[in-house]
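Enquirer: Under our numbering, the first residue of the sequence shown is numbered 644, with each subsequent residue one higher. Note that CB positions come from ideal geometry on N, CA and C, so glycine has one too. From a predicted model like this one, the values you see are computed outputs, not experimental measurements. This is the structure I want to talk about, given as C-alpha cells.
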Amino acid sequence: MPGRTQVLVVDDDIRILDLLAMSLRRDKFDVLTATTGEQALKLAYKEHPDAIILDIMLPGMDGFEVCRRLREMTEAVIVFVTAKDETEDVVRGLRMGGDDYIIKPYAYQELVTRLTSSLRRRTAGSLPPVLKPSGDVLMLTDPSRRLVFMNGQAIQLTPKEFEVLKYLLKNSGKVLSSDAILSFAWGPEYIGESRLLKQCIYRLRTKLEPDPSSPIHILTVRGSGYVFEPEPQPIPAH
Numbered sequence: 644m645p646g647r648t649q650v651l652v653v654d655d656d657i658r659i660l661d662l663l664a665m666s667l668r669r670d671k672f673d674v675l676t677a678t679t680g681e682q683a684l685k686l687a688y689k690e691h692p693d694a695i696i697l698d699i700m701l702p703g704m705d706g707f708e709v710c711r712r713l714r715e716m717t718e719a720v721i722v723f724v725t726a727k728d729e730t731e732d733v734v735r736g737l738r739m740g741g742d743d744y745i746i747k748p749y750a751y752q753e754l755v756t757r758l759t760s761s762l763r764r765r766t767a768g769s770l771p772p773v774l775k776p777s778g779d780v781l782m783l784t785d786p787s788r789r790l791v792f793m794n795g796q797a798i799q800l801t802p803k804e805f806e807v808l809k810y811l812l813k814n815s816g817k818v819l820s821s822d823a824i825l826s827f828a829w830g831p832e833y834i835g836e837s838r839l840l841k842q843c844i845y846r847l848r849t850k851l852e853p854d855p856s857s858p859i860h861i862l863t864v865r866g867s868g869y870v871f872e873p874e875p876q877p878i879p880a881h
C-alpha cells in the first residue's frame, strides 16, 4: 500500500487509538486520529482521507450517525471496528454506507488486509473520466486545474463548481439532496445554505448546458434536490 494512503482512525479509547495509529504508521500509512464523531467529521472534510476506521460506541454522536454524515461528504472507504457483534448492528452499519465491519477483538493483520482490499475495490469502481451525455463529450481533468472539456472546448470551473459537478457525475441518475451536495462540496457546517448551492448550479448550467434556461443535464427535482441526467429526458406528450 502506498505510503501516501491516508487513514482516519476514530475511537474514544485513547489506548486503542494510539496503538492502532502507531501500527498503521509503521506500515507506511498516513494517520489522522479523532476521539469523537464531531472531530471525525471536521477532519474528513478538511483532510479528505482515503479510508476511515470507525468505532460505533462514541460519546455523543455514535458511529452509525457519523457514517451517515460522512457519506454525504466523502466516498472514502469506511470500516467499522467495534465490539457490537449483533447481526442487526452489522447489517445497519453496512446499510449506512460502511464498506466492512470488523468485530473486536481482532488480529491487526486482518484489519489491514480487509482495509486494503476495500481500498482496491473502491479504486476499481471509481467513475470513468469521460461521460457522453446526449452526444456531448464531458471530461473531468486534473482536479488541481479544475478544467472540464465539453466537445473539445476547455472550460474553467471554480473549486466549488468542480466539486459539485464531480459529486453529481459520480451519482449520475440519482437524485441528491441539497444538503448532501452542500456537505460534500462546502462541509457539514453549510447544510441548509440552499441559496449558495442554487448560485453554483446556475453558474454550472451557464458554463455547460446548451441552453441554461432549459437545462437537460443538471436538473432540479422540486422538493428533493438535483440530479445529473446523462441523456436528456423526453418531454411527456399532452
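1) Assuming A628 and L686 are in contact, meaning their beta carbons sit under 8 Å apart, how far apart are those beta carbons, in whole angstroms?
2) Hey, out of M793, Q796 and D822, whose CA is closest to V807's CA?
3) Using a 10 Å radius around the Cβ and a threshold of 16 neighbouring Cβ atoms, would you call F805 buried or exposed?
4) Output the boundary residues of the beta strand (DSSP E) element that contains F871.
5) R714 to S857, Cα distance in whole Å?
6) With burial defined as no fewer than 16 other Cβ atoms inside 10 Å of the residue's Cβ, what is the status of P692: buried or exposed?
7) Between the C-alpha atoms of P771 and R764, what's the straight-line distance to the nearest angstrom?
8) With a threshold of 7 Å on Cβ separation, who are the neighbours of V905 within its own chain once the five nearest residues in sequence on each side are excluded?
9) Which whole-angstrom value describes the C-beta separation of L697 and C710, a residue pair presumed to lie in contact below a C-beta threshold of 8 Å?
10) Rounded to whole angstroms, what is the Cα-Cα separation between V734 and Q796?
11) Helix, strand or coil: which one does DSSP assign to D661?
12) Distance, Cα to Cα, G868 vs D655?
13) What would DSSP say about I824, mapped onto helix, strand or coil?
14) Nearest by alpha-carbon distance to G830: which of M716, V864, R647 and K809 is it?
15) Between the alpha carbons of R738 and R848, how many angstroms are there, rounded?
16) What residues are listed by DSSP as bridge partners for Y744?
17) Going by DSSP, name the residue or residues bridged to D673.
18) Go ahead and pull the three-state DSSP assignment for R865.
19) Would V720 pass as a contact of L754 if the rule is Cβ separation under 8 Å?
20) Tell me whether K689 is buried or exposed, calling it buried when 16 or more other Cβ atoms sit within 10 Å of its Cβ.
Expert: Put simply:
1) Absent from the structure is residue 628, since the part of the chain shown begins at 644 and ends at 881.
2) By one-based count along the sequence shown, residue 807 stands at place 164. Residue D822 is the option with its Cα nearest to V807.
3) Numbered from 1 along the sequence shown, position 162 holds the residue referred to as residue 805. By the neighbour-count rule (16 or more Cβ atoms within 10 Å), F805 is buried.
4) Residue 871 sits at position 228 when you count from the first residue of the sequence shown. Looking at the DSSP string, the run of the beta strand (DSSP E) that includes F871 is G868 to F871.
5) Residue 714 sits at position 71 when you count from the first residue of the sequence shown. Residue 857 sits at position 214 when you count from the first residue of the sequence shown. Counting only the Cα atoms, S857 lies some 31 Å from R714.
6) One-based indexing of the sequence shown puts residue 692 at position 49. Here P692 is buried. Its C-beta has 16 or more other C-beta atoms within 10 Å.
7) Residue mapping note: residue 771 aligns to position 128 of the sequence shown, counting from 1. Residue mapping note: residue 764 aligns to position 121 of the sequence shown, counting from 1. Because the pLDDT of P771 is 43, which lies under 50, any placement of that residue in the model is unreliable, and the number read from its coordinates should be weighed accordingly. Between the C-alpha atoms of P771 and R764 there is a straight-line separation of about 14 Å.
8) Nothing can be reported for residue 905: it is not among the residues displayed for the chain, which extend from 644 to 881.
9) The residue given as residue 697 occupies position 54 in the sequence shown. The residue given as residue 710 occupies position 67 in the sequence shown. Sure, about 6 Å apart at Cβ, within 8 Å.
10) Reading the sequence shown from its first residue, position 91 is the one you call residue 734. Reading the sequence shown from its first residue, position 153 is the one you call residue 796. For the pair V734 and Q796, the Cα-to-Cα distance works out to about 46 Å.
11) Along the sequence shown, one-based indexing puts residue 661 at 18. In the structure shown, D661 sits in a helix (DSSP, three-state: H, G or I).
12) Counting from one through the sequence shown, the residue named residue 868 turns up at place 225. Counting from one through the sequence shown, the residue named residue 655 turns up at place 12. Rounded to whole angstroms, the gap between the alpha carbons of G868 and D655 is 35 Å.
13) Mapped onto the sequence shown, residue 824 falls at position 181. Three-state result, I824: helix.
14) For this step, residue 830 is matched to residue 187 along the sequence shown. Cα-wise, what sits closest to G830 is M716.
15) Along the sequence shown, one-based indexing puts residue 738 at 95. Along the sequence shown, one-based indexing puts residue 848 at 205. Their Cα atoms are separated by approximately 33 Å.
16) As a first step, residue 744 is located in the sequence shown; it is residue number 101 there, counting from the start. Y744 is bridged to F723.
17) Working through the sequence shown from its first residue, we reach residue 673 at position 30. Looking at the DSSP assignment, D673 forms a beta bridge with Q649.
18) Against the sequence shown, residue 865 aligns to sequence position 222. Coil, per DSSP.
19) Stepping through the sequence shown from its first residue, residue 720 is reached at position 77. Stepping through the sequence shown from its first residue, residue 754 is reached at position 111. At least 8 Å separates the beta-carbon of V720 from that of L754.
20) Within the sequence shown, the letter at position 46 stands for residue 689. The residue in question, K689, is exposed, as its Cβ has fewer than 16 Cβ neighbours within 10 Å.
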